[in-house]
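In terms of the numbering used here, the numbers along the sequence shown are unbroken and rise by one, the last being 301.
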Amino acid sequence: MGYLAYMRANRPGWSRMHWRSRSRDASIDHFGAKHEAFDLPIPLLHTCASSYAFNNHSASTVSCRYCAPVRPFPRQIGDKGDSSRRMDVSVLRAPFPIAEDTGLTSFSTCSLGHIDDPSFMPPYNGNPSQAMVRLMNSFRMKPGWIVWNGCLHVWVNSLCWKQLPDANDDFRYAIGGVPATLELELFKAYRVYYEQLRCELPYPYAGPVSWPDQCDPRFPLPSDPRYGAYT
């Protein structure tokens, strides 16, 4: 691990895109972080990654030891032991709802974080439309989604992705928060999932929506003149 790369990924003073300076409180974080407004139940996430869940009082928020996954979780790269089969989950939720019906629960998952998934994966669970399945498969990490309490949540298991040779240092070394590159990936998926699901869900939210978007300096495009300040 390069010392400078580690410091840039984990010290706000070393990086203008550090997660402490960038993330909206309670809208994106590692799953289980203690934000009062971020109230997605842990058992629900276990259900969305599993065929069933149990021991709902578990304090574990990372390893998901208390669920039976629909497919074995991926091993960490270079580790052959089953003890390395776990999740490192990051979740994005925008500060506005997708549905007026706060009692609606819907979800689907195409990937549990396996980096060797084929380009098209059928859904493990839920009852998504073909349009949603195509959208999930259009992203490299194939983020899963959950609609709960009126809000859409998009999540990925990033454990193995951050170990790939082409993962940048921000993604590979960030500890304790969601790196900018992963936040951008989740945000892109969130936008297209939101627009599609809004056409499919009953009683879609019709109130004001304030999108974080590519004009937000947290999400600079290569063509953005500010891009160089965040690389």
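Every residue, glycine too, gets a C-beta built ideally from N, C-alpha and C.
I'd like to know whether the C-beta atoms of Cys269 and Ile147 end up nearer to each other than 8 Å.
On the sequence shown, position 199 is the one that residue 269 refers to. On the sequence shown, position 77 is the one that residue 147 refers to. No, Cβ-Cβ distance for Cys269 and Ile147 is not below 8 Å.
Would DSSP call Cys118 helix, strand or coil?
Taking the first residue of the sequence shown as 1, we reach residue 118 at position 48. Reduced to three states, the DSSP call for Cys118 is helix.
Reducing DSSP to helix, strand and coil, say where Tyr269 ends up.
Residue 269 sits at position 199 when you count from the first residue of the sequence shown. The amino acid occupying residue 269 in the given sequence is Cys; Tyr does not appear at that position. Looking at Cys269 - three-state DSSP - the assignment turns out to be helix.
If Val224 sits next to Tyr194, beta carbons under 8 Å apart, how far is it from one beta carbon to the other, in whole angstroms?
Taking the first residue of the sequence shown as 1, we reach residue 224 at position 154. Taking the first residue of the sequence shown as 1, we reach residue 194 at position 124. Going by Cβ atoms, the distance from Val224 to Tyr194 rounds to 16 Å, so no, they are not a contact pair.
Would you kindly work out how many angstroms separate the C-alpha atoms of Arg239 and Leu252, rounded to a whole number?
Position 169 of the sequence shown, counting from 1, holds the residue named residue 239. Position 182 of the sequence shown, counting from 1, holds the residue named residue 252. Residue 239 is actually Asp in this sequence, not Arg. Cα-Cα distance, rounded: 12 Å.
If you reduce the DSSP assignment to three classes, tell me which class Leu254 lands in.
Locating residue 254 in the sequence shown gives position 184, counting from the first residue. The three-state secondary structure of Leu254, taken from DSSP, is helix.
Evaluate contact between the segment 240-249 and the segment 190-204, counting only Cβ atoms and requiring at least three cross-stretch pairs below 8 Å.
no
Less than 8 Å between the C-beta atoms of Leu182 and Asn227, yes or no?
For the purposes of this step, residue 182 is identified with residue 112 of the sequence shown, where counting begins at 1. For the purposes of this step, residue 227 is identified with residue 157 of the sequence shown, where counting begins at 1. In terms of Cβ geometry, Leu182 and Asn227 form a close pair [threshold 8 Å].
Are the CB atoms of Tyr263 and Leu234 nearer to each other than 8 Å?
Here residue 263 is taken as the residue at index 193 of the sequence shown, counted from 1. Here residue 234 is taken as the residue at index 164 of the sequence shown, counted from 1. Taking 8 Å as the Cβ cut-off, Tyr263 and Leu234 do not qualify as a contacting pair.
Around the C-beta of Lys212, are 16 or more other C-beta atoms found within 10 angstroms, so that it is buried, or is it exposed?
Start at 1 with the first residue of the sequence shown, and residue 212 comes out as number 142. It counts as buried.
Which residues mark the beginning and the end of the alpha helix (DSSP H) in which Asn207 is found?
As a working mapping, residue 207 is identified with position 137 in the sequence shown. Asn207 -> alpha helix (DSSP H) spans 200-207.
Distance, Cα to Cα, Arg163 vs Leu110?
In the sequence shown, counting from the first residue as 1, residue 163 sits at position 93. In the sequence shown, counting from the first residue as 1, residue 110 sits at position 40. Our two residues, Arg163 and Leu110, have alpha carbons roughly 10 Å apart in a direct line.
Counting only runs of 4+ residues fully inside the segment 156-205, write out the alpha helix (DSSP H) ranges in chain order.
none
With a CB to CB cut of under 8 Å and the five nearest residues on each side skipped, what residues in its chain are close to Asn207?
For the purposes of this step, residue 207 is taken as the residue at position 137 of the sequence shown. Cβ within range, chain order: Cys180, Ser189, Phe190, Met191.
So what's Ile112 in DSSP terms, helix, strand or just coil?
Here residue 112 refers to the residue found at position 42 of the sequence shown. Three-state result, Ile112: helix.
Please state the DSSP three-state secondary structure of Leu222.
The residue labelled residue 222 in the question sits at position 152 within the sequence shown. It is a strand residue.
Return the residue from the list Val248, Trp218, Leu74 that minimises the CA-CA distance to Pro167.
As a working mapping, residue 167 is identified with position 97 in the sequence shown. For the residues Val248, Trp218, Leu74, the minimum Cα distance to Pro167 belongs to Trp218.
Mapping DSSP to helix, strand and coil, what is Trp281?
Here residue 281 corresponds to residue number 211 of the sequence shown, with the count starting at 1. Trp281: coil per DSSP, three-state reduction.
Around the Cβ of Val279, are there at least 16 other Cβ atoms within 10 angstroms (buried) or fewer (exposed)?
Residue mapping note: residue 279 aligns to position 209 of the sequence shown, counting from 1. By the 10 Å Cβ count, Val279 comes out exposed.
If you run the structure through DSSP and keep just helix, strand and coil, what is Gly72?
For the purposes of this step, residue 72 is identified with residue 2 of the sequence shown, where counting begins at 1. Note: Gly72 maps to coil in three-state DSSP.
Can you list, in chain order, the residues of its chain with a C-beta nearer than 7 Å to that of Leu74? Leave out the 5 residues immediately preceding and following it.
The count along the sequence shown starts at 1 and reaches residue 74 at position 4. Correct list: empty, nothing qualifies.
Within 10 angstroms of the Cβ of Trp281, are there 16 or more other Cβ atoms? Answer buried if so, exposed if not.
As a position in the sequence shown, residue 281 is number 211, starting the count at 1. Flag for Trp281 reads exposed.
Please state the DSSP three-state secondary structure of Ala129.
On the sequence shown, position 59 is the one that residue 129 refers to. Legend: pLDDT at Ala129 = 32, less than 50; position of this residue unreliable, value from coordinates given subsequently. Looking at Ala129 - three-state DSSP - the assignment turns out to be coil, as it is neither helix nor strand.
Whose C-beta lies closer than 6 Å to the C-beta of Ser93 among residues of the same chain, with five residues either side of it excluded?
For the purposes of this step, residue 93 is identified with residue 23 of the sequence shown, where counting begins at 1. Its pLDDT being 48, under 50, Ser93 is placed unreliably by the model, and nothing is read from it.
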